[in-house]
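Chains as they are written, first to last, in our numbering: chain Z, 1 to 261; chain G, 262 to 905.
Cβ atoms here follow ideal geometry from the backbone N, Cα and C, with glycine treated the same way.
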Amino acid sequence: MTQKKIGDVILDVKNISLRFGGVKALTDISFNVREHEIRAIIGPNGAGKSSMLNCINGVYSPSEGSITFRGKTFDHMNSRQVAEMGVARTFQNLALFKGMSVIDNIMTGRNLKIKSNLLLQALRIGPAEREEIRHREFVEHIIDFLEIQAFRKTPVGQLPYGLQKRVDLGRALAMEPQVLLLDEPMAGMNVEEKQDMCRFILDVSAEFGTTIVLIEHDMGVVMDISDRVVVLDYGKKIGDGTPDEVRNNEDVISAYLGTSH
Amino acid sequence: MKTTFPQLLLKHAAERPTAPALREKEYGIWQTWSWKDAAQTVRLMACGMAALGFQRGQNLALVGDNRPHLYMGFIAVQSIGGVPVPLYQDAVAPEMAFVMEDAEVRFVFTENQEQVDKLLEVRETLPGIAHIIYDDPRGLRDYDQPGLISVEKLKTMGAEWDRANPGAWEAMVAQNRPDDVSVILYTSGTTGKPKGVCQTHASFIASAQGGVQVDGLNPNDNVISYLPPAWVGDHLFSLAQWLVAGFTINCPESASTVSIDLREIGPTYYFAPPRVFEGMLTSVSIRMEDAAPTKRWLYARCMDLARRVGADILDGKPVGLRDRVLYRLGDIAIYGPLRNVLGLSRLRVAYTAGAAIGPDLFRFFRSIGINLKQLYGQTETCAYVCIQKNRQVKLNTVGQAAPGIELKIADNGEVLVKGVSVLKEYYKRPDATAEVIDAEGYFHTGDAGVLDEDGHLRIIDRAKDVGKLNSGAMFAPNYIENKLKFFPQIKEVVCFGHGRDHVCAFINIDYEAVGNWAERQGLPYGGYVDLASKPQVLQLIGDCIAQVNADLAAEAGMADTQVARFLVLHKELDPDDDELTRTRKVRRNFIAEKYAVLVEALYTGKTEQFIETQVKFEDGRTGSVSATLKILNAKTHAPAKAAA
Chain Z
1 MTQKKIGDVI LDVKNISLRF GGVKALTDIS FNVREHEIRA IIGPNGAGKS SMLNCINGVY
61 SPSEGSITFR GKTFDHMNSR QVAEMGVART FQNLALFKGM SVIDNIMTGR NLKIKSNLLL
121 QALRIGPAER EEIRHREFVE HIIDFLEIQA FRKTPVGQLP YGLQKRVDLG RALAMEPQVL
181 LLDEPMAGMN VEEKQDMCRF ILDVSAEFGT TIVLIEHDMG VVMDISDRVV VLDYGKKIGD
241 GTPDEVRNNE DVISAYLGTS H
Chain G
262 MKTTFPQLLL KHAAERPTAP ALREKEYGIW QTWSWKDAAQ TVRLMACGMA ALGFQRGQNL
322 ALVGDNRPHL YMGFIAVQSI GGVPVPLYQD AVAPEMAFVM EDAEVRFVFT ENQEQVDKLL
382 EVRETLPGIA HIIYDDPRGL RDYDQPGLIS VEKLKTMGAE WDRANPGAWE AMVAQNRPDD
442 VSVILYTSGT TGKPKGVCQT HASFIASAQG GVQVDGLNPN DNVISYLPPA WVGDHLFSLA
502 QWLVAGFTIN CPESASTVSI DLREIGPTYY FAPPRVFEGM LTSVSIRMED AAPTKRWLYA
562 RCMDLARRVG ADILDGKPVG LRDRVLYRLG DIAIYGPLRN VLGLSRLRVA YTAGAAIGPD
622 LFRFFRSIGI NLKQLYGQTE TCAYVCIQKN RQVKLNTVGQ AAPGIELKIA DNGEVLVKGV
682 SVLKEYYKRP DATAEVIDAE GYFHTGDAGV LDEDGHLRII DRAKDVGKLN SGAMFAPNYI
742 ENKLKFFPQI KEVVCFGHGR DHVCAFINID YEAVGNWAER QGLPYGGYVD LASKPQVLQL
802 IGDCIAQVNA DLAAEAGMAD TQVARFLVLH KELDPDDDEL TRTRKVRRNF IAEKYAVLVE
862 ALYTGKTEQF IETQVKFEDG RTGSVSATLK ILNAKTHAPA KAAA
């Protein structure tokens, strides 16, 4: 639990391009993320935001360019490696286990941290049980943090959408990530749910000092909570800076509002 | 027992150090404070407050949900001669500011970031708030405003202070007197600005003892504390009775988990306002509707039986063997599981208060074997005036005077209370105190009531609305009007009778309900005025009144107030025409003036009367409605027994 103080560059993305056949999803994107900051990637639909995130967490391998994480440079990453390095993410279209309870869903986020083998776990003996208790305790702290105590044992599929999003965030937090990637955490939410989510994101940043990279297309939300913003349009970077700088950027204004031809 | 709350806590800590005093569910597990832990925490919090410069006689505001530290905070302040002032946790900043200014608050104990933000806002107008102590540090890491301190830090400071001043805390505790003010509870202020009700250790302890004695509460009981700590009810049940009886209070995890936590704890003693019981019944009904037909059938059969004999079995009245056996079977099949689902399996006693409880609701819970009872009281009387005793529960009364309480009905029908629980004074308001406590020491409740032959009190109305008939009988308009309004066909009623020979009533029909009824009867009508004047409708309303009259005739002291004559108004009473308040309460005097000719006609024995009334339309234009209204006599009944 550290005081929130923006630190050195933790993640550096250099000249990333991504092509699917003839389609250029990303063209020569470079930006960096500093420790403890909230970094937003915004852009209209189809701008390449999710593709960018998928490159960072190893779902896609970029066609060109490199990603430097904590001083190590990679030209591509694989998902498990990324997770082991302390990068967690949430998904735009929730990828929760609908039939499992909230607790079990968040427990899956502890998967990488569980050391005892399958047999010991199945038999719930000795070290496995102690380990499970330890992890359960951690999960309970997350449940408390996200204020979802009332739904501990409810199957996730029965929860309203806004709460499912919270569980998704909880699962990512269970990994104790250093960098948290949030893919449209507020998509499809009503105003109140959005406000709640904003508060949780700010709290995560303040309480755990987690570096957060978030994608969002709701400009208002982004401007309020992020420290710095990257703007993408048609796979290209058209702006980068503090919310105020970006707000006054001509290219950004035309991308969002259209230009007079 | 001449003692104070801090001394009671120390007594429990000495006698039963390891027994559980408080529980709180946190991180999914119930965490327990033993009496020894509680006493130690209180000591550290109190010493910490002293270290911050808290002085004897000062007030400390408490704002937050039901948390162990909040309850222990009450006792900590009391132990060093201060007075806790609990505030409703959902109050907005300006409301809080009023109370804090009135109580000259310099110290505040609060729960979390949300409340701290509110308090910082209050502090902009009230710079006197010097210290804000918070329980949950989450989100408050970066706050650097002066005077903010976490409860953990407070306890650390307290430990240092305690070491530096050995024996000082014990000396302060010993200095407290039973007739010191133990708490200032602000009344909600539906009538004017909130007033601070000062209650002493002695009165709250005596009130708690009365309740403990009536229900035999003991250290093995469990209570779930979830009602606002600023409410007198929670203060009595979760704090005063807790320390007197020495049972365990359990704080739920959050407001949204109360029903889950209720099931886990299985309280033996439970207190809830009627709306909570209503919520339970609604959820049961809804879930039963979705159940399989066989289950629905079984439920309906069992509930029929319960309605018939359940309450009698609970009250120990004679019930036939066959019904007893059937009820036992019903208990295995339905009532037991139902109580279990509601989390009330281990319940010995439940109370409701705060508002009138519907008879069906009350009967439902009693019939499935839950000993639900009512009590009556207000902030000014520690919520302790009347209490229903086991096996002496009457549906429409609030029970007999509680131990240590003397009840008197004033000539105007107002309930007067004298005894252990009456307030010391309103904080800094000698004028208001003098208004409610008379020379003989009776507290004027503002409620009108009657005592029946067994000494059970029935609350009927607000005293200021109560009048008298020429015969001398008490006339409680709201009481009669509410009875009439139970009929879906009747929307509004205005009763007259003060200074008259008998009671007459204006009735407003419910256009929708009566319209539906007319359609089913094949009765054609053209609009409200026409419908309201149909003889069949008048007959329908007359039947309703006759039923209410039969009810009234059977009640002690009410037979004279049967409705003798009535008419059905040609227009709906409307706030736009100033006939109702915005909260839809009838403005009696205004209506009496506006419709003076109708009132006159009711009392002069005319059979019909022409009236023309100005009405305001929603767009602001005015128009007039006229009609000739029929005036009818209602069927009245002879009193069932000699009027008491």
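Do you know offhand how far residue i's Cα is from residue j's?
i, j, result
"Z/Lys165", "Z/Gly235", "27 angstroms"
"G/Val353", "G/Lys379", "8 angstroms"
"G/Asn628", "G/Met418", "Checking the sequence shown, residue 628 of chain G turns out to be Ser, not Asn. Their backbone Cα atoms lie some 54 angstroms apart in a straight line."
"G/Asn850", "Z/Arg152", "56 angstroms"
"Z/Val230", "Z/Leu146", "28 angstroms"
"G/Glu285", "G/Glu525", "12 angstroms"
"G/Met361", "G/Thr518", "31 angstroms"
"Z/Phe200", "G/Val344", "36 angstroms"
"Z/Gly43", "Z/His217", "6 angstroms"
"Z/Met1", "Z/Met175", "Annotation note: pLDDT 37 at Z/Met1 (below 50); position unreliable, no value reported."
"G/Asp405", "Z/Ala206", "14 angstroms"
"G/Phe359", "G/Ala533", "28 angstroms"
"G/Leu599", "G/Leu559", "13 angstroms"
"G/Leu830", "G/Asp440", "56 angstroms"
"G/Arg384", "G/Ile390", "6 angstroms"
"Z/Arg80", "Z/Lys49", "21 angstroms"
"G/Val681", "G/Glu641", "11 angstroms"
So, helix, strand or coil for residue i, using DSSP?
i, result
"Z/Asn105", "helix"
"G/Thr264", "coil"
"G/Trp294", "strand"
"G/Leu342", "In the sequence as displayed, the identity of residue 342 of chain G is Gly instead of Leu. It is coil, neither helix nor strand."
"Z/Gln3", "Legend: pLDDT at Z/Gln3 = 45, less than 50; position of this residue unreliable, value from coordinates given subsequently. Of the three classes helix, strand and coil, the one that applies to Z/Gln3 here is coil, per DSSP."
"G/Ala904", "Legend: pLDDT at G/Ala904 = 40, less than 50; position of this residue unreliable, value from coordinates given subsequently. In this structure, G/Ala904 counts as coil in the three-state DSSP scheme."
"G/Thr448", "coil"
"Z/Thr242", "coil"
"G/Asp592", "helix"
"G/Val434", "helix"
"G/His392", "strand"
"G/Ala908", "For residue 908 of chain G there is no data in the structure shown, the boundaries of chain G being 262 and 905."
"G/Cys643", "coil"
"Z/Met186", "coil"
"Z/Ser51", "helix"
"Z/Leu159", "coil"
Output, in chain order, the set of chain C residues within a Cβ distance shorter than 7 angstroms of residue i.
i, result
"G/Tyr288", "Checking the listed chains, one finds no chain C in this structure; the protein chains it contains are Z and G."
Would you decide whether residue i is buried or exposed? Buried here means 16 or more other CB atoms lie within 10 Å of its CB.
i, result
"G/Glu780", "exposed"
"G/Asp363", "buried"
"G/Asp821", "buried"
"G/Thr509", "buried"
"G/Gln800", "exposed"
"Z/Glu250", "exposed"
"G/Val369", "buried"
"G/Gln639", "buried"
"G/Gln350", "buried"
"G/Tyr487", "buried"
Under 8 angstroms between the Cβ atoms of residue i and residue j?
i, j, result
"Z/Gln178", "Z/Gly86", "yes"
"Z/Ile10", "Z/Ile29", "no"
"G/Thr529", "G/Arg607", "yes"
"G/Tyr637", "G/Ala671", "no"
"G/Val809", "G/Leu859", "no"
"Z/Asp36", "Z/Ile56", "Before going on, a small fix: residue 36 of chain Z reads as His here, not Asp. Result no, Cβ atoms of Z/His36 and Z/Ile56 do not sit closer than 8 angstroms."
"Z/Leu202", "Z/Thr90", "no"
"Z/Val156", "Z/Val102", "yes"
The ligand MN and residue i: does any heavy atom of the ligand fall closer than 7 angstroms to the residue's C-beta?
i, result
"Z/Ile6", "This structure simply doesn't include the ligand MN, nor any ligand for that matter."
Segment contact flag, the segment 114 to 129 of chain Z with the segment 54 to 62 of chain Z, C-beta cutoff 8 angstroms, min 3 pairs: no
Cβ contact (3+ pairs, closer than 8 angstroms) linking the segment 394 to 402 of chain G and the segment 268 to 284 of chain G: no
Validate contact between the segment 792 to 804 of chain G and the segment 834 to 846 of chain G using beta carbons, cut 8 angstroms, 3 pairs: no
Sufficient close CB pairs (3 or more, under 8 angstroms) joining the segment 655 to 665 of chain G to the segment 500 to 509 of chain G: no
The segment 296 to 316 of chain G touching the segment 328 to 340 of chain G, judged by at least three CB pairs closer than 8 angstroms: yes
Touching by the beta-carbon criterion (3+ pairs, under 8 angstroms), the segment 855 to 873 of chain G and the segment 886 to 893 of chain G: yes
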